[in-house]
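*Asks:* Got a structure for you, questions after.
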Amino acid sequence: MADVERERMEYDVVVVGAGPSGLAAAIRLKQLAVAAGQEIGVCVVEKGSEVGAHILSGAVFEPRALDELFPDWRERGAPLNTPAVEDRFFYLTKKHALRLPTPPQMHNRGNYIISLGNLCRWLAAQAEELGVEIYPGFAAAEVLYDEAGRVRGVATGDMGIGRDGKPTDRYTPGVELVARETLFAEGCRGSLTKTLIERFRLRDGHDPQTYAIGVKELWEIPAEQHRPGLVVHTVGWPMDGATYGGSFLYHLEDRQVAVGFVIGLDYKNPFLSPFEEFQRFKTHPAIRGFFEGGRRIAYGARALNEGGFQSIPRLDFPGGALIGCAAGFVNVPKIKGSHTAMKSGMVAAETVFARLGGAAGALVAQALQQSWVWDELYRVRNIRPSFRLGLWGGLLYSALDTYLWRGRAPWTFHHHPDHTQLVPAGQAAPIEYPRPDGKITFDRLSSVFISNTNHEEDQPAHLKLRDPAKAIAINYRLYDSPEQRYCPAGVYEIVEEAGTAGMRLQINAQNCVHCKTCDIKDPEQNIDWAVPEGGGGPNYPNM
Ligand SMILES: Cc1cc2nc3c(=O)[nH]c(=O)nc-3n(C[C@H](O)[C@H](O)[C@H](O)COP(=O)(O)OP(=O)(O)OC[C@H]3O[C@@H](n4cnc5c(N)ncnc54)[C@H](O)[C@@H]3O)c2cc1C
Ligand code: SF4
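So that you can map any letter, position 510 of the sequence shown is 517 in my numbering, and since no number is skipped, the others follow by simple counting.
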């Protein structure tokens, strides 16, 4: 509400997002302050109801950055309980599984199979012990600027605004979190990050970011089918050779298996449904056996960055920087981004600490270029775009790039934005998906149910159409409304307009699991994802 005075809290540094990058940054800042004998105020805001509630990852975790942040993480009890002991890589046809040599980037000796959500909960406890103030349940809804256009913090969203935009009896105004430096650690396709990239033209001279959607389930399976430390990846079926995608299957502790499917959002066929491709994948004769007699305990989905080195935007702007997947540091051939996210947060913390101490010209991007993150991402920069040649072309190119050119080929492939890649429905083959059996495969709604997603019903829609008319005039007529299929939570439905022969797009925003796919893939970029009231969204236990 424009005329309501908001409470104001002042810090040296505000961090938006309590993922691995944001928490690592906050921790590093406090460690530096302790070492320098200084006091520094650091606050982290998190839109999930608790730290970890919105974190969804694989996850095989490479501990390189954690080793640097807390060399004694073992003694401190970090939840890295399952060392990766075996890697298997398969090419699937509809009926068969052909074992392939595991690409070197996918060797996981020395890594751990973890719940990234639980690692974040542990990092949050370490941060609080160092004096970081963490506010879960508060979504940063607005970037604050001073008269000179410098970022001076963020404001959390108002609570208790009704669907009609008017305050209800629950109304509490948002809070201004004012800081000398603000780090945006919102993860992949952050909503405030998107506005900063536009305002400061951070992408000028860099490739567009590209993305994938990852759909994941957590299972508890019978002991005799469980192999703690086993890491399985597949390519091939059910993807056609032209669509980038594959599965992961990680055996954690306590008879749990994390299984998921990742599909590049540059896919072309508007009839493709990432959710149903994942369900179908689980029925493969080589995969199904892992789940028989088991119980699905959690479900969720999240987008991830795939642009890599050439898509890293300018990181610094007056008053702050982008870190982690908000900028995009996923190493795609490794399918890992949490170690690079953490390291980027740590490097940003060191730079910002220097800036607070008077080194006004210190830049996060420059410091990161001196770190192992830069070299790691540079060497694999051509691998993901080479899959434009199809699965076998991509695998062949990747082998040459890795073994012959060792990531130093004198060329760099470039990216196209994902939302321009769909072909019209009339030029695409419809896909018939099998019905779920309720044992190994499921429908969307029962899946969303176990993501524990909850939003206050009486609030303005957090999914906005820039031009509502395009939903039917373009999306429906030209692409058969692909949002019905790519949304992993069944938020978008085409329904018949009562009393007319027309159709209408119904948006069931309360089901949204905050994966951000619609914001990315909509062909007209007509869907804007904004933060709902803080605390809303999924409540992932240990994803
Ligand atoms: C399916 C899948 C599998 C993956 N597998 C692996 C793997 O095996 N190994 C690996 O290393 N990496 C993996 N990754 C990548 C890894 O998860 C990410 O690189 C990592 O989580 C990035 O960390 P981050 O801190 O930048 O962002 P995130 O982990 O996304 O955290 C961002 C946090 O910010 C919060 N937030 C966002 N916007 C706001 C706002 N406006 N206000 C308040 N809070 C906000 C979010 O709720 C969230 O808690 C995988 C990713 C996916 C999707
Ligand atoms: S509405 Fe958008 S962000 Fe929400 S679950 Fe569906 S695709 Fe993901």
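We put the beta carbon where it would ideally sit given N, CA and C, even for glycine.
Which ranges does the alpha helix (DSSP H) cover as unbroken runs of at least 4 residues, wholly within the segment 138-208, from first to last along the chain?
*Replies:* Whole alpha helix (DSSP H) segments, 4+ residues: 198-206.
*Asks:* Label Leu-411 either buried or exposed according to how many other C-beta atoms from any shown protein chain fall within 10 Å of its C-beta, with 16 as the threshold for buried.
*Replies:* exposed
*Asks:* Write down every uninterrupted run of the alpha helix (DSSP H) in the segment 236-308 whose length is 4 residues or greater and which is fully enclosed by it, in chain order.
*Replies:* 281-288, 292-298
*Asks:* Who are the near neighbours of Gly-194 in its chain, counting only those whose CB is closer than 7 Å to its CB and skipping five residues on each side?
*Replies:* Excluding residues within five positions, the ones whose Cβ falls inside 7 Å are Gly-24, Gly-26, Gly-331, Cys-332, Ala-333.
*Asks:* Pop quiz: Val-380 and Ser-351 are said to be a contact at Cβ under 8 Å. What is the actual Cβ separation, rounded to whole angstroms?
*Replies:* Correct: roughly 6 Å between the Cβ atoms.
*Asks:* With respect to the beta strand (DSSP E) encompassing Gln-317, which residues constitute its N-terminal and C-terminal limits?
*Replies:* For Gln-317, there is no enclosing beta strand (DSSP E), as DSSP marks it with neither H nor E.
*Asks:* Whole angstroms are fine: how far does the CA of Asp-450 sit from the CA of Pro-545?
*Replies:* 17 Å
*Asks:* Beta-carbon separation of Phe-394 and Tyr-274 under 9 Å?
*Replies:* no
*Asks:* Report the rounded CA-to-CA distance for Gly-271 versus Ile-220, giving the unit in angstroms.
*Replies:* 7 Å
*Asks:* Put Gln-513 into one of helix, strand or coil per three-state DSSP.
*Replies:* Per DSSP, reduced to three states, the secondary structure at Gln-513 is strand.
*Asks:* Compute every distance between the C-beta of Val-520 and the non-hydrogen atoms of ligand 2, then say whether any falls below 8 Å.
*Replies:* yes
*Asks:* When we look at the beta-carbon of Thr-460 and count the other beta-carbons within 10 Å, is it buried (16 or more) or exposed?
*Replies:* Counting the other Cβ atoms within 10 Å of the Cβ of Thr-460 gives 16 or more, which makes it buried.
*Asks:* What's the C-alpha gap between Lys-343 and Ser-405?
*Replies:* 17 Å
*Asks:* Would you tell me roughly how many angstroms separate the C-alpha atoms of Phe-360 and Gln-133, rounded to the nearest one?
*Replies:* 19 Å
*Asks:* Output the distance between the C-alpha atoms of Arg-309 and Leu-452, rounded to the nearest integer angstrom.
*Replies:* 17 Å
*Asks:* Give the DSSP-derived three-state secondary structure of Ile-447 in the structure shown.
*Replies:* coil
*Asks:* Mind reading off the beta-carbon distance from Cys-525 to Ile-534? Whole number of angstroms is fine, and I expect it under 8 Å.
*Replies:* 5 Å
*Asks:* Do the segment 69-86 and the segment 226-236 make contact, defined as three or more Cβ pairs closer than 8 Å?
*Replies:* no
*Asks:* Using only alpha-carbon positions, find the residue among Leu-322, Lys-341, Pro-245 that is nearest to Thr-200.
*Replies:* Leu-322
*Asks:* Taking the straight line between their C-alpha atoms, what separation do you get for Val-92 and Met-246?
*Replies:* 28 Å
*Asks:* Is the segment 407-421 touching the segment 433-451, taking contact as three or more C-beta pairs under 8 Å?
*Replies:* no
*Asks:* Span of the beta strand (DSSP E) holding Glu-227?
*Replies:* 218-227
*Asks:* Just verifying my parser: in three-state terms, what is the DSSP assignment at Arg-15?
*Replies:* strand
*Asks:* Report the CB separation of Ala-146 from Gly-169 in whole angstroms; it is logged as a contact under 8 Å.
*Replies:* Ala-146 to Gly-169, Cβ: 17 Å. No contact.
*Asks:* Any contact of the segment 280-297 with the segment 168-188, i.e. 3+ C-beta pairs under 8 Å?
*Replies:* The segment 280-297 vs the segment 168-188: no contact.
*Asks:* Are there 16 or more other CB atoms within 10 angstroms of the CB of Glu-69, so buried, or fewer, so exposed?
*Replies:* buried
*Asks:* Which residues does DSSP pair with Asn-461 in a beta bridge?
*Replies:* Gly-544
*Asks:* Excluding the 5 residues flanking Leu-107 on each side, which residues of the same chain have their C-beta closer than 7 Å to its C-beta?
*Replies:* Phe-96, Phe-97, Tyr-98
*Asks:* Can you find a heavy atom of ligand 2 that lies under 8 Å from the Cβ of Tyr-499?
*Replies:* yes
*Asks:* How big is the Cα-Cα spacing for Tyr-547 and Ala-476?
*Replies:* For Tyr-547 and Ala-476, the gap between their C-alpha atoms comes out near 35 Å.
*Asks:* For the putative contact between Phe-59 and Gly-124, defined by C-beta atoms under 8 Å, what is the C-beta separation to the nearest angstrom?
*Replies:* In the sequence under discussion, the amino acid at residue 59 is Gly, which differs from the Phe named in the question. About 4 Å separates the two Cβ atoms, so the contact holds.
*Asks:* In angstroms with no decimal places, state the Cα-to-Cα distance between Gly-248 and Leu-30.
*Replies:* 39 Å
*Asks:* In the DSSP output, what is Arg-95 paired with across the bridge?
*Replies:* Val-239
*Asks:* Note down, one range per segment and in chain order, each beta strand (DSSP E) of at least 3 residues found wholly within the segment 40-124.
*Replies:* 49-53, 93-99, 104-107
*Asks:* Report the three-state DSSP secondary structure of Glu-490 (helix, strand or coil).
*Replies:* helix
*Asks:* Spatial neighbours of Arg-415 within its chain, please: C-beta separation below 7 Å, excluding the five flanking residues on both sides.
*Replies:* none
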